[in-house]
Amino acid sequence: MTATELGLPALGGLVGVPTADEPQKAKDYKSDQEVRWCPGCGDYVVLNAVQSFLPTLGLKRENIVFVSGIGCSSRFPYYMNTYGMHSIHGRAPAIATGLAVARPDLSVWVVTGDGDALSIGGNHLIHTLRRNVNLKILLFNNRIYGLTKGQYSPTSEEGKVTKSTPLGSLDHPFNPVSLALGAEATFVGRAVDSDRAGLTEVLRQAAEHRGSALVEIYQNCPIFNDGAFDVLKDAEEASRRIINVVHGQPITFGGGDYAVVREGFGLAVAKTADVAPEDVVVHDAEDLNLAFALSRLSTQDLQHTVTGVFRNTARTTYDDAAREQVEQAKAAKPADLGALLHGKDTWTVAG
Amino acid sequence: MTTDVGNGAAPAGSPDKAGTDKAGTVRKLDRVVIRFAGDSGDGMQLTGDRFTSEAAAFGNDLATQPNFPAEIRAPQGTLPGVSSFQLHFADYDILTPGDRPDVLVAMNPAALKANIDDLPKGGILIVNTDEFTKRNLVKVGYAADPLEDNSLTETYQVHKVAMATLTIGALENTGLGKKDAERAKNMFALGLLSWMYHRPTEGTERFLREKFAKKPDIAEANVLAFRAGWNYGETTESFAVTYEVAPAKLNQGTYRQITGNTALAYGIVAAGQQSGLPVVLGTYPITPASDILHELSKHKNFGITTLQAEDEIAGIGAALGASYGGALGVTSTSGPGVALKSETIGLAVMTELPLIVIDVQRGGPSTGLPTKTEQADLLQAMFGRNGESPVAIVAPQSPADCFDAALEAARIALVYRTPVLLLSDGAIANGSEPWLIPDVEDLPDLSVTFATEPNAPDGTFWPYLRDPETLARPWAVPGTAGLQHRIGGLEKADGTGNISYDPANHDHMVRLRQRKIDGIEVPDVEVDDPSGEARVLVIGWGSSYGPIGAAARRVRKLGMPVAHAHLRHLNPFPKNLGDVISRYDRVIVPEMNLGQLALLLRAKYLVDAISYTKVQGLPFKAEELQDVLADVIKGVSE
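Residue numbers (the working numbering), protein chains in the order written: chain P, 13 to 363; chain X, 85 to 722.
See below:
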């Protein structure tokens, strides 16, 4: 079997999606439906951030589609004044794949959670990333099952006591960024719900990326897992823990006091004062090994949490390639139904 | 003796008493059933396929039935490794691949042992003696060589032919190794049978040269082996008689041979063309449905995208996503795959989007019998989802009919915005028959109208405001300005489509979805009762059309009238079905399951239908249904 070179040009993530005639505001993206998340839910913050961010893309609203699965976060599409489908548990990436393949003129977003994307829908997530379908996947990670009222999730910490694990969870959690990178994702980012600027920047880059973009958003569930990310929200703590990476920039944090350096095959944190400037790692979003090492630097206990864009690299998208195959086939052979039905071997019975 | 009912001719393939015919005798027959049987690696499917093409090119009516193991290469020479291909060809319109072979070609002891019981007394048995070694005989439990004693020759007309040796001999000068040469022995068998039945040979030679175009020496070897088989019959005089089966008097038109899976794929291509929509097939490989994916993936020039997904669920998910985007979404699978797709079918019921779900049924439950046929997914199609989740169901009745069934499934899906389950089965999928190729101009118009304007009294767009006649909701695809809306699996408020937990609304919506499916316009069922005097009605669906039809012909020939109705539409049933049923004293329903259609008919029409069932992974035989029908008819007359 030989590979076919489709010769596709590198495009931006939004090429082919029609642009709006007039400037838009956040309120243009609010639907008439009452938002029904719990008071204090991190989902509100993300919803507001997305509604404020989308007008900056300047796309026609009717060409934006939000597809979700099941879970608290998956109610998201109802609140967006765009097209939307609230589908079934874990399957949003599959449904969105079909939509993206059929419609190059749409900007398709998937909204999912840690249970939806990583548990019941884990298979679809990894294969969507591998194929590099032009979808933007917002993974709301609150490390708990909220809609079913408080069972542990695939990102809950080991030993977590929940309704379904009164003696502590036995499961080892996923690191969603490592998982996505292992699944050949071409774009992986992370943000914290309360960091509007950081989240918006990751969303911006994700939107511009042509291909699957996975954005993990740490999101607080005030009812069943309140305070899970509090250490990242306290200014002083956050400064010591959050490592925000920017392509082309040396990786330092804590007001420059700390830096990321190479250690063995991985990375380590050092005091900037203790290392030579040239030993401070410069972030390169094209470098898969660096991205993976950065993902491992983030620990479940949040002692260090890398945010920003881990990986951003160009690879032909599945949907572009699928359309290109169809176009090439059409160009090579006219669609003659009669000829197809007749095939090569026929015989005729006279009247 | 098996007799399909022909033009009053002698029993088909009637064997001649040995010694009464002189060499060179040509006997005319109205129909013949040949079964090629050998090891999975012996190329029996190809051999059968080629003979079929020769018969088709000659103008016979025909029907074929392959039968092969699920294992790609079961241990060589064993009973589980036997692969066979049965072909029925005739000078009149036949309905089935035949109950029993008139001629059995057995390439090894396993093939003999597995098939000999199906050969009627006096039938022709052609055996490749080279494989009858002690080791191979022991492998299948023969204590002694059955070719050495009189057990076979007393019962059958036995022709012992050292096919491998003769093939190797014929290829001596080609420079091909013994092993490679020996592999062409199936073409020797084909050549011999082609000679026996006066078949044209040019097509096969051309086919072989094309198939092995990249390996000319192999192509030449196969052609030589084919000719050697022919010449063996011509020169050895061990075959006293040859047979002719005249072309069939079929309806005027241009024909081709086609399998069910190919016809189904063509039907999907045609549905795309006739609707003007791109087709997106989201699917996952599964026996016996994979050939639909293989076929459709060749026809991207018709605007067809084929997506081999990571699993069954993703396959149907992609299809539904594409339908949401305004394409014709199609998924293809078999029973176990339908089980996995159930939740997404439910979502399609709730979101009321067009979707075609093709289920090529196989033996179940669980993995069951992947390569064998069954009709046991009817109730799964009907009820296999949570909640009240009605869908339309259509079934093809023969290989060629798969084309029309696919177009009909597309019509219902597009007009009524609903998932449609298309229930084919293994017998239809792999079986083949001549197909009267339709004129493209005569195909139905399936064009659709997308919503473009607000439809509600308040000037907004309501995604669940229905067409009063079809009860279909508008199909408003993303990208349509001003019609932005959200759909999903949660219950909808009637009209607006907003989430609703209102008890009365849910009750209303459940009934509305049911009413939409119940109200689908389907053609009346036609009853085949030539005498008009039948008091017994046999109702079938799907691939049992052939055996039921053949059995009905037989009992009529015996002076017993019987009516046959065959259902294309399983949900909703045709409107006249209740009236039809009420006209008869008894109703009998033969099915390859434990009575699933009978259950539905009893429930809906309160009819005391007799359920006749068989689940052996094989189609009904006309002769067994003949007996069953005759018994019921006699019971009514007494």
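Cβ atoms here follow ideal geometry from the backbone N, Cα and C, with glycine treated the same way.
Check, Outcome
"Which listed residue (Val29(P), Arg143(P), Ala218(P), Ser131(P)) has its alpha carbon closest to that of Ala333(P)", "Arg143(P)"
"Validate contact between the region 537-557 of chain X and the region 111-119 of chain X using beta carbons, cut 8 Å, 3 pairs", "no"
"Residues near Gly266(P) in its chain [Cβ-Cβ closer than 7 Å; skip 5 each side]", "Ser251, Arg252"
"Distance between beta carbons of Leu391(X) and Leu424(X), contact taken as under 8 Å", "The Cβ separation is near 16 Å, so there is no contact."
"Val524(X) versus Ala203(P) - alpha carbon distance", "56 Å"
"Boundaries of the alpha helix (DSSP H) in which Pro420(X) is found, first to last residue", "419-435"
"Reduced DSSP category for Cys233(P) - H, G, I as helix; E, B as strand; rest coil", "strand"
"Reduced DSSP category for Glu238(X) - H, G, I as helix; E, B as strand; rest coil", "helix"
"Selected residue, minimal CA-CA separation from Ile623(X), among Arg670(X), Ile252(X), Pro185(X), Ala354(X)", "Arg670(X)"
"Helix, strand or coil at Val62(P) [DSSP, three-state]", "helix"
"Bridge partner(s) assigned by DSSP for Gly389(X)", "Checking the sequence shown, residue 389(X) turns out to be Thr, not Gly. BP columns for Thr389(X) point to Val364(X)."
"Straight-line gap, Val272(P) to Glu575(X) (C-alpha atoms, nearest Å)", "51 Å"
"Any non-hydrogen atom of the ligand FAD within 6 Å of Glu675(X) CB", "The ligand FAD is not among the ligands present in this structure, which contains no ligands whatsoever."
"As assigned by DSSP and simplified to three states, the class of Asp375(X)", "helix"
"Beta-carbon gap between Val200(P) and Ala209(P) smaller than 7 Å", "no"
"Cβ distance (whole Å) where Asp488(X) is taken to contact Gly351(X) below 8 Å", "7 Å"
"The region 508-523 of chain X / the region 446-457 of chain X touching (three or more Cβ pairs under 8 Å)", "yes"
"Buried/exposed call for Asn470(X), threshold 16 Cβ in 10 Å", "exposed"
"6 Å CB neighbourhood of Lys245(P) in its chain, flanking five on each side removed", "Ser206"
"Rounded Cβ spacing between Val145(P) and Val321(P) (contact assumed at less than 8 Å)", "Contact doesn't hold; Cβ gap of about 19 Å is too wide."
"Minimum Cβ-Cβ distance from Leu130(P) to chain X less than 7 Å", "no"
"Interface partners of Lys42(P) on chain X, CB under 8 Å", "By Cβ distance, chain X contributes nothing, its closest Cβ being about 12 Å from Lys42(P), past 8 Å."
"Within-7 Å CB hit, Pro562(X) to chain P", "yes"
"Complete runs of the beta strand (DSSP E) confined to the region 172-229 of chain P [at least 3 residues]", "199-204"
"Below-7 Å beta-carbon distance, Arg115(P) vs any chain X residue", "yes"
"Positions along the region 145-156 of chain P whose CB lies within less than 8 Å of some CB in chain X", "none"
"Completely contained alpha helix (DSSP H) runs for the region 251-287 of chain X, where each covers 4 or more residues", "262-266, 269-280"
"Cβ of Ala347(P) within 7 Å of any chain X Cβ", "yes"
"Identified DSSP bridge partners for Arg115(X)", "Ala174(X)"
"Limits of the beta strand (DSSP E) - the one that Val123(P) falls within", "119-125"
"Cβ pair count under 8 Å reaching 3, the region 608-627 of chain X against the region 580-588 of chain X", "no"
"Extent of the continuous beta strand (DSSP E) run through Lys148(P)", "147-153"
"Nearest neighbour of Ala195(P), chosen from Glu170(P), Asn135(P), Asp242(P) [CA to CA]", "Asn135(P)"
"Partner residues on chain P for Ser137(X), Cβ-Cβ distance less than 8 Å", "Asp357"
"Residues of its chain near Leu196(X), where Cβ-Cβ distance is below 6 Å and the 5 sequence neighbours each way are ignored", "Ala190"
"Ranges of the alpha helix (DSSP H) found wholly within the region 58-102 of chain P, counting only runs of at least 4", "none"
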